[in-house]
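K.L.:
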Amino acid sequence: MNIILLGPPGAGKGTQARRLVDERNMIQLSTGDMLRAARISGTTMGKKVAAIMDAGELVTDEIVIGLIEEQLAGDSGGGFIFDGFPRTLAQADALGELLAKTGKKLATVVEMAVDDDALVKRISGRFTCGKCGEVYHEETKRPATEGVCDQCGASDFRFRADDNEESLRVRLLEYYKKTSPLIGYYYAKGLLQTVDGLDSMDGVAAQINAALAKVK
Ligand code: AMP
1 MNIILLGPPG
11 AGKGTQARRL
21 VDERNMIQLS
31 TGDMLRAARI
41 SGTTMGKKVA
51 AIMDAGELVT
61 DEIVIGLIEE
71 QLAGDSGGGF
81 IFDGFPRTLA
91 QADALGELLA
101 KTGKKLATVV
111 EMAVDDDALV
121 KRISGRFTCG
131 KCGEVYHEET
141 KRPATEGVCD
151 QCGASDFRFR
161 ADDNEESLRV
171 RLLEYYKKTS
181 PLIGYYYAKG
191 LLQTVDGLDS
201 MDGVAAQINA
211 ALAKVK
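Read left to right, the sequence shown gives residues 1 to 216 (my numbering).
1) To the nearest whole angstrom, what separates the beta carbons of L198 and A118, a pair I think is in contact under 8 Å?
2) By how many angstroms is the C-alpha of K131 removed from the C-alpha of G66?
3) At the level of alpha carbons, what is the spacing between L212 and G125?
4) Please determine, among L58, K104, L98, T88, the residue with the shortest C-alpha to C-alpha distance to G78.
5) Find the nearest neighbour of G32 within the set P9, E23, R24, judged by alpha-carbon distance.
6) Give me the Cβ distance between G84 and S30, rounded to the nearest whole Å; I'm assuming they're in contact under 8 Å.
7) Applying the 10 Å Cβ sphere with the 16-neighbour rule, what's the burial state of R158?
8) Give me the Cα-Cα distance between L72 and T102, rounded to the nearest whole angstrom.
9) Report whether the distance from the Cβ of P86 to the nearest heavy atom of the ligand AMP is below 7 Å.
10) Assign G56 to one of two classes, buried (16 or more other C-beta atoms within 10 Å of its C-beta) or exposed (fewer than that).
11) Do you know whose CA, among M112, Q16, E69, M34, lies nearest Y175's CA?
12) Let me check one thing: in DSSP terms, what residues is R158 bridge-paired to?
13) How many Å lie between V120 and R39 at the Cα?
14) Between the C-alpha atoms of C152 and T43, what's the straight-line distance to the nearest angstrom?
15) Tell me the rounded alpha-carbon separation between T140 and K177.
16) What do you reckon, is the C-beta of V59 under 7 Å from a heavy atom of the ligand AMP?
17) Quick one: what's got a C-beta closer than 6 Å to N164's C-beta in the same chain, skipping five residues either side?
18) Between which two residues does the alpha helix (DSSP H) containing D196 stretch?
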């Protein structure tokens, strides 16, 4: 089953995608993670997008569609979770074409609804394990042993360069201008389901599982 997790920055898409990977053998396709990996490895593309990402703006459709296209050719396991993609109507159209070309289809789009105040709180304080990508929060989810990742035992925590208030404001504006029209787009296609992203992590996971059960 191929699904999209749709929602503003900080809605918890990455956290829920990782759960689905563990529980359902799905494959997470996060364009944000792919772009961050390209930056770290210093590829030409990585260098090109670094400043755009830090400012909180969207990188070009061409770049992210290319990244997704490469991944779709590979194994889909229990299905793909599109996390942070598509973010524009052009990307949504391209995804539809790419899926059709590879004989795949989109089962559902799960919108994670969260209010803006909660997003600011969630994002300031967020940090991740540099080795396995587990997501933590200074107030709501600290590692069991201070400084050590619960999942992989590494001691390499990182804050994202774009997780600051100024960048977040731009990211939210980008979301409302360019990404939120996708809610109507997928609603019109009969694919949209909405969950309350302000519920607890387990609560949101249960809502997502219920949404996926409807389309099995
Ligand atoms: P994320 O980790 O999904 O919050 O993405 C971090 C940053 O990567 C975004 O603020 C954008 O600059 C860029 N990015 C990630 N996915 C996309 C996308 N689908 N389209 C355009 N830019 C993206």
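Even for Gly, the Cβ is constructed at its ideal location relative to N, Cα and C.
Source: prediction; values computed, not measured.
P.N.:
Judging by the given coordinates:
1) About 6 Å separates the two Cβ atoms, so the contact holds.
2) 25 Å
3) 30 Å
4) For G78, the nearest C-alpha among the options comes from K104.
5) P9
6) 5 Å
7) exposed
8) For the pair L72 and T102, the Cα-to-Cα distance works out to about 8 Å.
9) yes
10) Buried.
11) M112
12) T128
13) 25 Å
14) 27 Å
15) Approximately 30 Å between the Cα atoms of the pair.
16) yes
17) Within the same chain, no residue comes within 6 Å of N164 by CB-CB distance, once the 5 residues on both sides are set aside.
18) D196 -> not in any alpha helix (DSSP H); beta strand (DSSP E) instead, spanning 192 to 196.
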